[in-house]
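In numbering that gives the first Met the number 0, the protein residues as written are 0 to 259.
These notes concern the structure reproduced below.
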Amino acid sequence: MIQPLVIANWKMNGSYAANYSLLTYLLPDIAVNRRTRVALCPPFPYLAQVGQRLIGSPVWLGAQNVNQHASGAQTGEVSVLMLRELGCEYVLVGHSERRAMGEDDATAAAKFAAIEAAGLVPVLCVGETLEEREAGQTEAVVARQIEAVIDAVGVARFVDAVVAYEPVWAIGTGKTASPEQAQEVHAHIRGLVALHDPHIARELPLLYGGSVKPDNAASLFQQPDVNGGLVGGASLDASAFVAICDALEQSHRDAACQPV
Ligand code: PEP
0 MIQPLVIANW KMNGSYAANY SLLTYLLPDI AVNRRTRVAL CPPFPYLAQV
50 GQRLIGSPVW LGAQNVNQHA SGAQTGEVSV LMLRELGCEY VLVGHSERRA
100 MGEDDATAAA KFAAIEAAGL VPVLCVGETL EEREAGQTEA VVARQIEAVI
150 DAVGVARFVD AVVAYEPVWA IGTGKTASPE QAQEVHAHIR GLVALHDPHI
200 ARELPLLYGG SVKPDNAASL FQQPDVNGGL VGGASLDASA FVAICDALEQ
250 SHRDAACQPV
């Protein structure tokens, strides 16, 4: 069974004081014995602060972006080895907010390769805009974004990766994909990875992202191909984030109790 996973994307939010207080409320409520894995992706300047606080807790550290080059003349950029030294386990790749700044499929593929080669877990974000959905292009867009990475690095590199389906029209807008819409695209993603390698596809964690909140989390997480969430806005509120993690934990327990 795929381990349920919730990743918090703090985006460009936080301060030393705000992070301290968020973690103070959050960490005691993330139960040690839960099956759900939880990771936090703060902005780069706070990775050390958050990483220090996570030592001895069951919560993992992640980063929101990385440069694909190992070192050198890349002013303002950060390498995977730097993230590894800071204790990161997960790195987001191809988030739509970065694609909107010009990151293309080829760059996402190069970043994915660098993350995986450094032994960290790439979280490949894919998703369609509203115009693309309305034009009936959702599956084609998501397929293009995933195939670009498979073509560049090979499907075997997905063995320890995560894919997050994040419809662009649902990110930070308060609009969420319905559970059925999310399941449909997740099943499509699993199906297209299965064309390359059925075993990797079966084990690939697929997260949904896009205005996940405590009141819609349970219905999304009950979908068979939704293995967790990538949570932006709601991850800045300790009680909302804990409620989302609890909803995933509960859906996973319910699924484990289903007769086969
Ligand atoms: C995100 O940033 O990946 C995200 C899903 O944001 P939000 O939950 O705020 O829509």
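Using N, Cα and C, we set each Cβ at its ideal position, and we do this for glycine too.
Fewer than three pairs of CB atoms, one per stretch, sit closer than 8 Å, so the region 70 to 88 makes no contact with the region 159 to 172.
Distance from the Cα of residue 125 is smallest, within the candidate group 206, 61 and 68, for 206. Counted as a single uninterrupted DSSP element, the alpha helix (DSSP H) harbouring residue 80 occupies residues 79 to 84. Residue side-chain check: residue 94 places its Cβ nearer than 8 Å to a non-hydrogen atom of the ligand PEP.
In the structure shown, the three-state DSSP call for residue 26 is helix. A direct Cα-Cα distance of roughly 6 Å separates residue 113 from residue 67. One thing to note: residue 243 has its Cβ no nearer than 9 Å to the Cβ of residue 255.
With the rule of 3 Cβ pairs closer than 8 Å, the region 4 to 12 counts as touching the region 36 to 47.
Here the region 154 to 161 makes contact with the region 107 to 123; the two share three or more CB pairs at distances below 8 Å. Judged by DSSP secondary structure, residue 227 falls within the beta strand (DSSP E) whose first and last residues are 227 to 230. If you ignore the 5 residues before and after residue 178, its C-beta comes within less than 6 Å of the C-beta of 218, 219 and 222, all in its own chain and listed in chain order.
Counting only the Cα atoms, residue 153 lies some 40 Å from residue 238. One thing to note: residue 181 has its Cβ within 9 Å of the Cβ of residue 225. Non-local beta-carbon contacts of residue 137 in its own chain, meaning distances under 7 Å to residues more than five positions away in sequence, involve 127, 131 and 184 in chain order. Distances between the C-beta of residue 18 and the heavy atoms of the ligand PEP are all 8 Å or more. Non-local C-beta neighbours of residue 107 in its own chain, meaning closer than 8 Å and more than five positions away in sequence, comprise 92, 93, 98, 123, 144, 147 and 148, ordered along the chain. For residue 247, there is no enclosing beta strand (DSSP E); the residue is part of the alpha helix (DSSP H) that begins and ends at 237 to 256.
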